[in-house]
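Undergrad: Take the sequence shown: its letters are residues 1 to 263, numbered as in the numbering used here. To start, I am sharing the structure in question, which I have written as structure tokens.
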Amino acid sequence: RLQARPRLSVPAAFAEGPSRPTLFLSDQHLSPARPQALAAFHAFCAGPARDAAAVYMLGDLFDFWIGDDQLREPFVAAVVRSMRGMADAGVPLFVAHGNRDFLLGARFARATGATLLPEYATIDLAGVRTLFCHGDVLCTDDVEYQAYRARMRDPQTQRRLLRLPYFVRRWIARYMQKKSADSKAGKAEFIMDVAPAAVAAAFRSHAAQRMIHGHTHRPARHVHDVDGTPRERLVLADWYDGGSYLEVSEEGARVMQLPPPPA
């Protein structure tokens, strides 16, 4: 069941003025095994993000997150420094939980200066009521995944996981990644995409005109007819083949590609 969530607010000093767009990105899947994505992320935080009205990272920032004690890992510390630099420069930063990093917690938020988002959030963006989320909650045709998601998002399950030794949690994360890959190989493509009924329900519940999400790794612009009214859905790209983000301003929405980092 969809529940109404409070609106987020962007500070007026940043919300006003067409020169400051709002930026959205998702599915960076950062890890030491993907140095190009890491370099692109640091470039984003030091470059386009500094001129934004606000930055929204909509889930799966990390390839996996096994608890906020992961902050001690060197590559994570570098990511946190880049994010903190953006926040300290006065750019409001918001981070959503993804299916890979649903254990991001208060220590991470304090370290980065970010605000952790609820499952669904809305803002009035350049006069358009905009709804955003990671996107996995919309994939309701994948019954097996939704059952897993419900277990993993349960606070009691998360407390049990976080009580396990760090090396055990790391092993579980690797195991679940392999299990997920094996499961996807046997599923039809449409099952792993968003369900039209779930999309329509989200638009209705939040009275939104636009929706932005990631998760599916299928970047595109869709127009949905919901109760006779066209609604726009923008799907963000993953960062496996290069960094990109969505820029939304009074002029509209456009996809921006980051230049490839030096070899």
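C-beta atoms are modelled at their ideal positions from N, C-alpha and C, and glycine is treated no differently. Since the structure is predicted, the reported quantities are computational estimates derived from the model, not experimental observations.
On the CB-based measure, 16 or more other CB atoms within 10 Å of its CB, does residue 17 come out buried or exposed?
TA: Note that residue 17 scores a pLDDT of 40, beneath 50, so its modelled location is shaky and nothing firm can be said.
Undergrad: Spell out a yes or no on whether the segment 55-67 and the segment 83-96 are touching, meaning 3 or more CB-CB pairs, one atom from each, closer than 8 Å.
TA: Yes, the segment 55-67 touches the segment 83-96.
Undergrad: Among 76, 114, 103 and 75, which residue has its Cα nearest to the Cα of residue 86?
TA: Of 76, 114, 103 and 75, the residue nearest in Cα terms is 114.
Undergrad: For residue 84, which residues in the same chain have their Cβ closer than 8 Å to its Cβ, ignoring the five residues on either side in sequence?
TA: Counting only Cβ-Cβ distances below 8 Å, and skipping sequence neighbours, we find 111, 112 and 113.
Undergrad: Helix, strand or coil for residue 209? Go by DSSP, reduced to three states.
TA: In the structure shown, residue 209 sits in coil (DSSP, three-state: anything other than H, G, I, E or B).
Undergrad: So for residue 31, helix, strand or coil by DSSP?
TA: Of the three classes helix, strand and coil, the one that applies to residue 31 here is coil, per DSSP.
Undergrad: For residue 135, does the count of other Cβ atoms within 10 angstroms reach 16, so buried, or fall short, so exposed?
TA: Classification for residue 135: buried.
Undergrad: Out of 235, 219, 210 and 239, which one is the CA nearest neighbour of residue 225?
TA: Of the listed residues, the one whose Cα sits closest to residue 225 is 210.
Undergrad: Could you please give me the residues that DSSP links to residue 133 through a beta bridge?
TA: DSSP, once it has assigned bridges, lists 213 as partnering residue 133.
Undergrad: Could you give the first and the last residue of the continuous alpha helix (DSSP H) run that contains residue 75?
TA: Where residue 75 is concerned, the enclosing alpha helix (DSSP H) stretches over 74-88.
Undergrad: Flag this pair as touching only if the segment 224-240 and the segment 147-163 have three or more C-beta atom pairs under 8 Å; answer yes or no.
TA: Output reads no: the segment 147-163 does not touch the segment 224-240.
Undergrad: Whole angstroms is fine: what's the gap from residue 195's alpha carbon to residue 140's?
TA: One C-alpha to the other measures close to 6 Å.
Undergrad: How long is the line joining the alpha carbons of residue 206 and residue 144, rounded to whole angstroms?
TA: Using only the alpha carbons, I get a separation of about 26 Å.
Undergrad: Mind listing, in chain order, the continuous beta strand (DSSP E) runs of no fewer than 3 residues lying wholly within the segment 89-162?
TA: DSSP runs (the beta strand (DSSP E)) wholly in the segment 89-162: 93-95, 121-125 and 128-133.
Undergrad: Could you tell me whether the Cβ atoms of residue 131 and residue 248 are closer together than 9 Å?
TA: The answer is no: Cβ separation not under 9 Å.
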